[in-house]
Amino acid sequence: MDRLLVVRCPELRDDDEGGATRRRFATVLDALGFYCPWVTPHELGLCSLPARGPARYFGGEEALVSLVTDVVSALTPVEVGIADGLFAATLAARGGLIVPAGETPEFLAPWPIAMLGDDDLADLLGRLGLHTLGAFARLPEADVLGRFGSDGIRGHQVARGARGDLLEMALRPSDTTRSPEAIQIGFWGGVSETDARATRALGQVQAELGAEAVLVARLQGGRGPADQARFVTWTDKEHTRTSAPVAPWPGHIPPPAPITVYATPRPVRLLDPDGQPVTVTRSGLLGTPPASLFDTTHPVLAWAGPWPVDERWWTRQRRRGVRIQVVVDVDAHLLVGGADGWAIEATYA
Amino acid sequence: MSDPDGSPDPRQDKVAARDALRARGRTSLTTLAERVRPVSTSSSRVLPVPPFLADLLPEGGLRRGSTLVVDGPGPVGLACALLSDSSAAGSWCAMVGIEDPGAAAIHTLGLDLARTVFVPNPGPAWAEATAHLLDGIDLVVLRPPFPPRGSMARRLVARARERRSVLIVVPGGSRWPEPPDVRLTIQNPRWTGVASGEGYLRGRHVTVEATGRRSAARARTGTCWLPGAHGSLEAPTLSGMGPSGPTFHHLDSRTPVI
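Chains as they are written, first to last, in this note's numbering: chain A, 1 to 349; chain D, 1001 to 1258.
Next comes the structure, spelled out in structure tokens:
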């Protein structure tokens, strides 16, 4: 896809009766044409030019961006950005960004689907729990075609960064905010007072305990319970993001999911009927059946497994491991075991 | 409050002025709280809970300003189930002192993780942190990391009442020294789905007993799956035999589980 430089003049976006805005935009195009002959106007206050040739000529993309910024800002406030394709470059211009070649999909991922300009599609996807271009991009193309037709496919390809020509979409929101978060706030009708109250309270807790004491959870795909979520420090931007839907992950542990997931599995003794440690054989079976946990006073009432563990974190440390579920006293635990013994990875309630 | 005008004792003046100021501060805070509360929930004195729990709670939900205690084996899932409907309706939730929370399970129990915050290790300042949270967050689950003193517990209960938040205490190993408005106790937990090396966990059948003060004085009990086979709170099925979804005897060892 073409490397495009987009020039966006926020003050020249709205037409006026006398045509003054058009005349001013024409002077912008003239000024740019002096440096590059292929300037394409798309809408009032918005034009693009191919970045590759001029960037080479003027000593790189950054040099080109600062040249264009200097030229246009002498006439009117301006936002300049470079990315692959017009859609991404238009968004990049809002933030004054140069998105490196090939990184457009990552750049697009956090933006709201509404940026595609198709309200029906955004609404539909929102109800499916998909709110960002990245979440939309992860849907298989065949599913998108089956469910949303050719318009959906067009949006999907743009969301994936596979095509960049859905121009009308990126243009519509006429605000001049600079980040996906900020734009989302505008989109969803402002931060609610509930959110504002919560934000104040959480800010006070962070002042008291340190910022990293307040966390929010993000779901992600993963086989083991510890891989299915990660915790990040809460910031006042966080509430505008939504968590990803729980991705079905091949081979994940079936629901219900454990309510307690230990950040570090807790070493524990798992004993067989003779009071000896339960071993794991080379082929991933238990040498003897489990009979008690911790010590012989906590009998294993029921258990299930073993299931092989093949996560990377595990293979880095041990050659082979297994998981089992055990019911002990009133609790149910998920254990991981291997050559070095057993550990409680998670507890179900 | 006495009128300080004309009082010959300046000290008395000061005390009266301070009292007046306090009273005014309290009023303005309350008005402010009323004003900033979102339309959707400001009208509701009682925050919604799933139907099974609504049947157990004296007012059919979580009354704003009240304090609940959730105890018995494995109480965190029940605390989450209490939050689920309000969270889905847009309320913020906080979990203080719940170490190593399982986010996937909490999500499946119905909480919106975008408006749920975790303070897993609040340390010695846990009570101050909880008080701040009660100022701005509708539902606060607290497992005190240290045994709470009576004065601390009273302060937090008062704060919840004043700010119209709901405090849900999971005492864990320690005792909560204040009588709660409602106490939910998990009893007779029974795990199903696993045998001797067969199947996998399908759910936990529990009895939940609700007791309380005043209107809630009479104990109510109900049984449910917590978690059920899909990870949420599931009210008993008609047959009363097992959680919905495939039950254990439909599974066999060929089912790929991990």
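Using N, Cα and C, we set each Cβ at its ideal position, and we do this for glycine too.
All values derive from a computational prediction rather than experimental measurement.
Check	Outcome
Decide if residue 1045 (chain D) is buried, meaning its Cβ has at least 16 other Cβ atoms within 10 Å, or exposed.	exposed
Considering only residues of the same chain and omitting the five flanking positions on each side of residue 55 (chain A), which have a CB-CB separation below 7 Å?	61 and 64
With a threshold of 8 Å between beta carbons, is residue 1108 (chain D) in contact with chain A?	yes
Against chain D, which members of the stretch 212 to 227 of chain A pass a CB distance test of less than 8 Å?	213, 214, 215, 216, 217, 218, 219, 223 and 225
Looking at chain D, which residues of the stretch 327 to 349 of chain A have a Cβ within less than 9 Å of any of its Cβ atoms?	327, 329, 330, 331, 332, 334, 346, 347, 348 and 349
Using a beta-carbon distance below 8 Å, is residue 1132 (chain D) in contact with chain A?	yes
Quick check: what's the CA-CA separation for residue 77 (chain A) versus residue 10 (chain A)?	7 Å
Run through chain D and tell me which residues come within less than 8 Å of residue 325 (chain A), C-beta to C-beta.	1194, 1200 and 1201
Using three-state DSSP, classify residue 67 (chain A) as helix, strand or coil.	helix
Return the residue from the list D:1115, D:1193 and D:1236 that minimises the CA-CA distance to residue 1207 (chain D).	D:1236
How long is the line joining the alpha carbons of residue 71 (chain A) and residue 130 (chain A), rounded to whole angstroms?	40 Å
Measuring CB to CB, does residue 83 (chain A) end up less than 8 Å from residue 58 (chain A)?	no
What residue ranges within the stretch 72 to 124 of chain A form continuous beta strand (DSSP E) runs of no fewer than 3 residues, ordered along the chain?	79 to 84
Does the stretch 1113 to 1126 of chain D come within contact of the stretch 1091 to 1098 of chain D, defined as at least 3 CB pairs closer than 8 Å?	yes
Just grab the DSSP bridge partners of residue 253 (chain A) for me.	None; residue 253 (chain A) has no bridge partner.
Along the beta strand (DSSP E) that carries residue 48 (chain A), what are the first and last residues, could you check?	46 to 50
So the alpha helix (DSSP H) residue 156 (chain A) belongs to, where does it begin and stop?	141 to 160
Is the stretch 134 to 144 of chain A touching the stretch 152 to 164 of chain A, taking contact as three or more C-beta pairs under 8 Å?	yes
With 16 other CB atoms within 10 Å as the buried threshold, where does residue 348 (chain A) fall?	buried
Check residue 304 (chain A) in the structure and name its three-state DSSP category.	strand
Tell me which residues share the same chain as residue 1133 (chain D) and place their Cβ nearer than 6 Å to its Cβ, disregarding the 5 neighbours each side in the sequence.	1094 and 1140
If you count every other CB in all the chains shown that lies within 10 Å of the CB of residue 336 (chain A), and 16 or more means buried, which is it?	buried
So for residue 134 (chain A), helix, strand or coil by DSSP?	helix
Mind listing the chain D neighbours of residue 231 (chain A)? Cutoff is C-beta to C-beta under 9 Å, in chain order.	1101, 1103, 1118 and 1120
Curious, which full-length beta strand (DSSP E) runs of at least 3 residues does the stretch 200 to 232 of chain A contain?	215 to 219
Which whole-angstrom value is the C-beta distance of residue 300 (chain A) and residue 326 (chain A), which I expect to be below 8 Å?	5 Å
Can you find at least 3 beta carbon pairs, one from the stretch 43 to 51 of chain A and one from the stretch 6 to 24 of chain A, that sit closer than 8 Å?	yes
Based on the DSSP output, what are the partners of residue 1212 (chain D) in its beta bridges?	D:1182
With a threshold of 8 Å between beta-carbons, can residue 304 (chain A) be considered close to chain D, or not?	yes
Can you tell me the Cβ-Cβ gap for residue 1092 (chain D) and residue 198 (chain A), rounded? I've got them flagged as a contact below 8 Å.	4 Å
What are the boundary residues of the beta strand (DSSP E) that includes residue 1085 (chain D)?	That residue, residue 1085 (chain D), is in no beta strand (DSSP E); its alpha helix (DSSP H) goes 1076 to 1088.
Per DSSP, residue 1234 (chain D) forms a beta bridge with which residues?	D:1225
Which residues in chain D have a C-beta closer than 7 Å to the C-beta of residue 204 (chain A)? List them in chain order.	1132
Just reading off the beta strand (DSSP E) that residue 345 (chain A) is part of, what are its end residues?	341 to 347
List the residues of chain D whose Cβ lies closer than 8 Å to the Cβ of residue 82 (chain A), in chain order.	The premise fails here: residue 82 (chain A) is roughly 32 Å from chain D at the closest Cβ pair, so nothing lies under 8 Å.
With H, G and I counted as helix, E and B as strand and the rest as coil, what does DSSP make of residue 1170 (chain D)?	coil
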